[in-house]
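In our numbering, the protein residues as written are 310 to 433.
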């Protein structure tokens, strides 16, 4: 995959970078820079195509990229269970917090410890 991405990058950036290098050297020695409008448009179009084709290449060649992109499109929702979009909360994200409280009571001969838990579920 990396080799394909690098080759596509090099091929599509070559016209523009070649033009920049050529114009840099030619103006250094006092010549006129090459500014053909059609070639300049072709070179810049190649650069834009490179940017547009990158996600397509990554999607076609990397399962890891597909999974990450799919999870990004889910906007933080879990892939299974309640809260999937048609469940009890209408597709909204949920914040769940748990509070644990421990109370210790000591008498003369014994120690009593009680624990209570409260769960707060808030939709936002």
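Glycine included, C-beta positions come from ideal geometry on N, C-alpha and C.
Length of the line joining the Cα atoms of residue i and residue j
| i | j | result |
| --- | --- | --- |
| residue 379 | residue 317 | 25 Å |
| residue 361 | residue 367 | 11 Å |
| residue 376 | residue 315 | 22 Å |
| residue 351 | residue 342 | 17 Å |
| residue 365 | residue 374 | 10 Å |
| residue 347 | residue 340 | 20 Å |
| residue 344 | residue 310 | 35 Å |
| residue 337 | residue 349 | 20 Å |
Nearest-angstrom beta carbon gap, residue j and residue i [assumed within contact, 8 Å]
| i | j | result |
| --- | --- | --- |
| residue 436 | residue 321 | Outside the shown range of the chain, which is 310 to 433, sits residue 436, and nothing can be said about it. |
| residue 355 | residue 325 | 7 Å |
| residue 370 | residue 313 | 7 Å |
DSSP three-state assignment for residue i, whether helix, strand or coil
| i | result |
| --- | --- |
| residue 384 | coil |
| residue 326 | helix |
| residue 343 | coil |
| residue 338 | coil |
Range covered by the alpha helix (DSSP H) that runs through residue i
| i | result |
| --- | --- |
| residue 364 | 346-370 |
is_contact[residue i, chain C] using C-beta, thresh 8 Å
| i | result |
| --- | --- |
| residue 332 | Of the protein chains in this structure there is only one, and it is not chain C. |
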